[in-house]
Amino acid sequence: AAIPVPKGSCRNLCHRHQLFISFRDLGWHKWVIAPKGFMANYCHGDCPFSMTTYLNSSNYAFMQALMHAVDPNVPKAVCIPTKLSPISMLYQDNDDNVVLRHYEDMVVDECGC
Amino acid sequence: QTSKFQDYDLLRFLDLEKEPSAHRFQPVPRVLRKVFQAREAAAAGGASQDLCYVKELGVRGNLLRLLPDHGFFLNTQKPSQDGSCLQKFLYFNLSAIKEKGKLTMARLTLDLGPRSYYHLGPEVVVALSVIEDRGMWGQSHPKPGRMLALQSVLGPQGPLHFNLQGVVKDWNSSRRKNLGLYLEILANEDRYSGVNFQVENTCDRLIRSLHASLLVVTLNPEHCQPSSRKRR
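Order-wise, the sequence lines are chains F and X.
Numbering-wise, our numbering puts 116 at position 101 of the first sequence, and it's gapless, one number per residue.
Numbering-wise, our numbering puts 227 at position 210 of the second sequence, and it's gapless, one number per residue.
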């Protein structure tokens, strides 16, 4: 289920888009004990020059945006995850073992240029 | 959009060969629940976590598995003359444990049933040994192999833990060695002569409520750098 983005001018700028994947939708709720699903958030949006001077953007994004302004052949700065967190899954495998496993850098917490 | 989902790819990404088809959910032990909830709370709070160390168990590891017992009881008749209350083969299927992982913990839990002051029984002696000879499976009165533990337990209730790391490493080194364990519980009625404890009741209750499981913790070197390097 996609969580709606707030209205307003910043709609097209780089920001995190939240997307929840329900295990029930996948039919995995029969073997995944917990959680109910996971956040498959993603980063999307423009990185105009003005944006790269503040807001979570890296220095080289500023340089790239500056170069793009001078020479459009240089690609624009892109919107990427800047903070990620792990997910833990508790599930039962085919041998009836109860397994607790962690997957690093799975959930996008923050985005930036 | 879910219809376009690549189930197979996501399973492979999660390091699973195929979609498990669990017919019945196993009980989740408290320790796994505790670790899971602590990790979830930390992730929600944005706190940094060392996913290669299990603080609740005090060992390194990034994959915890609870293996159910696939063994069976022997001699479930009334306690025999020699006071043998319960005899059971315990067997744990280690095939899910990949060679890649380093075994950092293997803890056998014998849950003797819920704690209750009403069910205090005679002292029992728990004898645990390794089965080293395949012929033992067929015997009704097997002679135990290498003794692992001999422990007297007063009023048998609640969980007993045994460290089986050495044995499981041995089993893991050669799967054919994994012939399981032999468990015998003897009721020691003499200890309570004069007090009216029902040995038979205790044996019945133990046979009904005994639940064995093996908690195995492994560390995948590909996912976990040696902690000392990280600290430097």
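The beta carbon of each residue, even a glycine, is placed where N, CA and C say it ideally should be.
All values derive from a computational prediction rather than experimental measurement.
So for F/C126, helix, strand or coil by DSSP? Residue numbering aside, residue 126 of chain F sits at position 111 when the first sequence is read from its first letter. In the structure shown, F/C126 sits in a strand (DSSP, three-state: E or B).
State the DSSP-derived secondary structure class of X/Y108, mapped to helix, strand or coil. Residue mapping note: residue 108 of chain X aligns to position 91 of the second sequence, counting from 1. The three-state secondary structure of X/Y108, taken from DSSP, is coil.
In whole angstroms, what is the alpha-carbon distance linking X/P46 and F/W46? As a first step, residue 46 of chain X is located in the second sequence; it is residue number 29 there, counting from the start. As a first step, residue 46 of chain F is located in the first sequence; it is residue number 31 there, counting from the start. About 16 Å.
Can you confirm whether X/F53, when its beta carbon is compared against all beta carbons of chain C, has any partner nearer than 8 Å? Absence of chain C from the displayed structure is noted, the protein chains being F and X.
According to DSSP, is X/C102 helix, strand or coil? As a position in the second sequence, residue 102 of chain X is number 85, starting the count at 1. Strand.
Inter-residue Cα distance where the pair is X/L33 and X/S101: As a first step, residue 33 of chain X is located in the second sequence; it is residue number 16 there, counting from the start. As a first step, residue 101 of chain X is located in the second sequence; it is residue number 84 there, counting from the start. Across the structure, X/L33 and X/S101 are spaced so that their CA atoms are roughly 43 Å apart.
Helix, strand or coil for X/F90 per DSSP? The residue given as residue 90 of chain X occupies position 73 in the second sequence. X/F90: strand per DSSP, three-state reduction.
Who are the Cβ neighbours of F/S37 in its own chain at under 6 Å, not counting the five residues just before and after it? Position 22 of the first sequence, counted from the first residue, corresponds to residue 37 of chain F. Same-chain partners within the cutoff: G52.
With a cut-off of 8 Å, do at least 3 Cβ pairs link the region 107-123 of chain F to the region 79-93 of chain X? A contact between stretches requires three or more CB pairs, one per stretch, nearer than 8 Å, and the region 107-123 of chain F meets this requirement with the region 79-93 of chain X.
Distance CB(X/L80)-CB(X/T235) smaller than 8 Å: Locating residue 80 of chain X in the second sequence gives position 63, counting from the first residue. Locating residue 235 of chain X in the second sequence gives position 218, counting from the first residue. Between X/L80 and X/T235, the C-beta gap is smaller than 8 Å, which places the two residues in contact.
Alpha carbon to alpha carbon, how far is F/P50 from X/C69? Give it in angstroms, no decimals. Against the second sequence, residue 69 of chain X aligns to sequence position 52. Against the first sequence, residue 50 of chain F aligns to sequence position 35. Distance from the CA atom of X/C69 to the CA atom of F/P50, rounded to whole angstroms, is 20 Å.
Closer than 8 Å to chain X by CB, F/I95: On the first sequence, position 80 is the one that residue 95 of chain F refers to. Interface with chain X (8 Å Cβ-Cβ cutoff): F/I95 is excluded.
Presumed contact (8 Å Cβ cut-off) between X/L83 and X/Q43, rounded CB distance: Against the second sequence, residue 83 of chain X aligns to sequence position 66. Against the second sequence, residue 43 of chain X aligns to sequence position 26. With a Cβ gap of about 7 Å, X/L83 and X/Q43 count as contacting.
Whole-Å CB distance - X/N195 paired with X/G118, under 8 Å assumed: On the second sequence, residue 195 of chain X is found 178 positions in, with the first residue counted as 1. On the second sequence, residue 118 of chain X is found 101 positions in, with the first residue counted as 1. Not a contact, Cβ separation roughly 16 Å.
With distance defined between alpha-carbon atoms, name the residue in X/G63, X/N189, X/V185 and X/Q168 nearest to X/E140. As a first step, residue 140 of chain X must be located in the second sequence, where it is residue number 123. The candidate whose alpha carbon is nearest that of X/E140 is X/Q168.
Based on the DSSP output, what are the partners of F/P96 in its beta bridges? As a working mapping, residue 96 of chain F is identified with position 81 in the first sequence. Answer is F/C126, bridged to F/P96.
My guess is that X/L223 and X/L103 are in contact by the Cβ rule of under 8 Å, so how many angstroms apart are they, rounded? Taking the second sequence and counting its residues from 1, the one referred to as residue 223 of chain X is at position 206. Taking the second sequence and counting its residues from 1, the one referred to as residue 103 of chain X is at position 86. Rounded, the Cβ-Cβ distance is 5 Å, consistent with contact.
Alpha carbons only, please: which of X/H240, X/Q182, X/G183 and X/R151 is nearest the one belonging to X/Y254? Outside the shown range of chain X, which is 18 to 249, sits residue 254 of chain X, and nothing can be said about it.
Alpha-carbon to alpha-carbon, X/T126 and X/L227: Taking the second sequence and counting its residues from 1, one reaches residue 227 of chain X at position 210. Taking the second sequence and counting its residues from 1, one reaches residue 126 of chain X at position 109. In a straight line, the C-alpha of X/L227 is about 10 Å away from that of X/T126.
Is X/K51 buried or exposed, if buried means 16 or more other CB atoms sit within 10 Å of its CB? Looking up residue 51 of chain X in the second sequence gives position 34. By the neighbour-count rule (16 or more Cβ atoms within 10 Å), X/K51 is not buried but exposed.
Residue from F/L41, F/Q107, F/Y106 and F/I102 with nearest C-alpha to F/S124: For the purposes of this step, residue 124 of chain F is taken as the residue at position 109 of the first sequence. Just to set this straight, residue 124 of chain F is Asp in the shown sequence, not Ser. Out of F/L41, F/Q107, F/Y106 and F/I102, the CA that lies nearest to the CA of F/D124 is found in F/I102.
Mind checking the region 36-47 of chain X against chain F and listing, in chain order, the residues whose C-beta falls within less than 9 Å of any C-beta there? Per Cβ criterion, the list reads E36, P37, S38, A39, H40, R41, F42, Q43, P44, V45 and P46.
Pick helix, strand or coil for X/H240, following the three-state DSSP scheme. Counting from 1 along the second sequence, the entry for residue 240 of chain X is found at position 223. Here DSSP, grouped into helix, strand and coil, assigns X/H240 to coil.
Interfacial residues, the region 58-76 of chain X to chain F, with Cβ spacing under 7 Å: Those residues of the region 58-76 of chain X that come within reach of chain F (Cβ to Cβ, closer than 7 Å) are A60, G63, Q66 and L68.
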